[in-house]
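Take a look at the structure below.
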Amino acid sequence: MPRRITDACTCDASCVEVCPVDCISPGDIYVIDEDVCIDCGACEAVCPSDAIIEV
Ligand code: SF4
Ligand code: SF4
C-alpha cells in the first residue's frame, strides 16, 4: 500500500530528502505520487508531524 500525506503536514520537506524515488512534491501540503511510491516507509519514519499514513 502506498503512503499518503494528510493535512497535518507542516511542509518542512524532511520526507522529500529521504524518498528514494523522488515521488513527493510540494504544494499547499506535500503530495505523494502513489503510482510511483514503492512503499518503503522512509518518509513516514522522518515526518515530524506524523502526517504520512498508509492507504
Ligand atoms: S514510502 Fe518511500 S517511496 Fe513512498 S513516498 Fe515515502 S519515501 Fe517515497
Ligand atoms: S515530512 Fe511530514 S510534515 Fe514534512 S513535508 Fe513531509 S509530510 Fe509534510
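With our numbering applied, the sequence shown corresponds to residues 130 to 184, in that order. Just so it is clear, CB atoms sit at the ideal spot from N, CA and C, and this is done for glycine as well. Treat the numbers as computed from the prediction; the structure is a model and nothing was measured.
Legend entry - Close-in-space but distant-in-sequence residues of the same chain around residue 131 (CB under 7 Å, 5 per side omitted): Here residue 131 refers to the residue found at position 2 of the sequence shown. If we look at residue 131 and ignore the five residues flanking it on each side, its Cβ neighbours are 161, 163, 166, 168 and 184.
Legend entry - residue 183, DSSP secondary structure in three states: What you label residue 183 is simply residue 54 of the sequence shown in a count that begins at 1. Three-state DSSP puts residue 183 in a strand.
Legend entry - Check whether residue 154 and residue 175 have beta carbons under 8 Å apart: Stepping through the sequence shown from its first residue, residue 154 is reached at position 25. Stepping through the sequence shown from its first residue, residue 175 is reached at position 46. No; because the gap between Cβ atoms is not below 8 Å, this pair is not in contact.
Inset, instruction - Give a yes or no on whether the C-beta atoms belonging to residue 158 and residue 179 are separated by under 8 Å. - result: In the sequence shown, residue 158 corresponds to position 29, counting from 1. In the sequence shown, residue 179 corresponds to position 50, counting from 1. No. Outside cutoff.
Inset, instruction - Sort 171, 182 and 177 by Cα distance to residue 150 and report the nearest one. - result: Here residue 150 refers to the residue found at position 21 when the sequence shown is read from its first residue. The shortest C-alpha separation from residue 150 is found at 171.
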